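Start counting the sequence shown at 3; every next residue gets the next number (the working numbering).
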Amino acid sequence: MERMHALGAALAMVSASAGATLPTPPQAAATTQANAYIFHAGAGDVFEITSSMILLQKSQNPAVRSYATMLIDHHTQTTNLTLATAKSAGVMPPPPELSPQQKAQIGQLHAAPPAGIDRLYLAQQVPSHQQALAINGGYAQSGDVPALRQTAGSAVPIVTSHLQQAQQLLGTVR
Numbered sequence: 003m004e005r006m007h008a009l010g011a012a013l014a015m016v017s018a019s020a021g022a023t024l025p026t027p028p029q030a031a032a033t034t035q036a037n038a039y040i041f042h043a044g045a046g047d048v049f050e051i052t053s054s055m056i057l058l059q060k061s062q063n064p065a066v067r068s069y070a071t072m073l074i075d076h077h078t079q080t081t082n083l084t085l086a087t088a089k090s091a092g093v094m095p096p097p098p099e100l101s102p103q104q105k106a107q108i109g110q111l112h113a114a115p116p117a118g119i120d121r122l123y124l125a126q127q128v129p130s131h132q133q134a135l136a137i138n139g140g141y142a143q144s145g146d147v148p149a150l151r152q153t154a155g156s157a158v159p160i161v162t163s164h165l166q167q168a169q170q171l172l173g174t175v176r
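Shown next as structure tokens:
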């Protein structure tokens, strides 16, 4: 039930923000401010959940489908943990919104034929997870809220594993 709520919220955020001009998350630089960290990490989670949901509608590849299902579960958990930690620390972040680049990538996935979806999806997941690693790793090292630094640090091995799996799968799909 919690997973479905998070998935619905992710889709609502994508739909509601379709025409807005949004700040672009940092490519390699990490933020040290709690609100910016939560915004950008949350946007990454929304992207990874939404893109994975699209993949599941089109892909027939069991390995890629399993990876997408895992991303939905893990990124729902990291989002919930980050928001709970922020709330307990008294931080009220803005809701995450997809960047223009993330919106364009979601559009590409929607437009992709089933035959090409696996490669496109994985090719998007690699840089998305590299960015998530930079955001979480940077905040874990020098963020301004200790409890959120710990939460960001706990996300680093998860994101690292996702990145490695995406790279490995990308090498196996046509």
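Backbone N, C-alpha and C define an ideal beta-carbon position, used for all residues, glycine too. In this text the structure is predicted, and so the values were computed from the model without any measurement.
- Contact annotation: the region 81-96 touches the region 149-156, with at least three C-beta pairs closer than 8 Å.
- Between Thr80 and Ala157, the C-beta spacing is below 8 Å.
- For Asp146, no alpha helix (DSSP H) run applies, since DSSP gives it neither H nor E.
- The C-beta distance from Tyr39 to Ala154 rounds to 7 Å, short enough to fall under 8 Å.
- Relative to Gln59, the option among Ile160, Ile119, Gly145, Val93 whose CA is nearest is Ile119.
- Counting only residues of its own chain and dropping the five nearest sequence neighbours on each side, Met94 has no CB closer than 6 Å to any other CB.
- At a Cβ-Cβ threshold of 8 Å, Phe41 and Pro98 count as neighbours.
- The beta carbon of Ala106 is closer than 6 Å to none in its chain, skipping five residues each way along the sequence.
- Taken through DSSP and simplified to helix, strand or coil, Asn63 comes out as coil.
- Note that the C-beta distance between Ile108 and Ile74 is not below 8 Å.
- Note on geometry: alpha-carbon atoms of Gln126 and Gln62 lie some 18 Å from one another.
- Of the residues Asn82, Val66, Ala142, Thr71, the one whose Cα lies closest to the Cα of Leu122 is Val66.
- Residue range 102-113 is occupied by the alpha helix (DSSP H) that includes Gln110.
- Between Val161 and the set His131, Asn37, Gln169, Gln143, the nearest pair of CA atoms involves His131.
- Between Gln104 and Ala45, the CB-CB gap stays under 8 Å.
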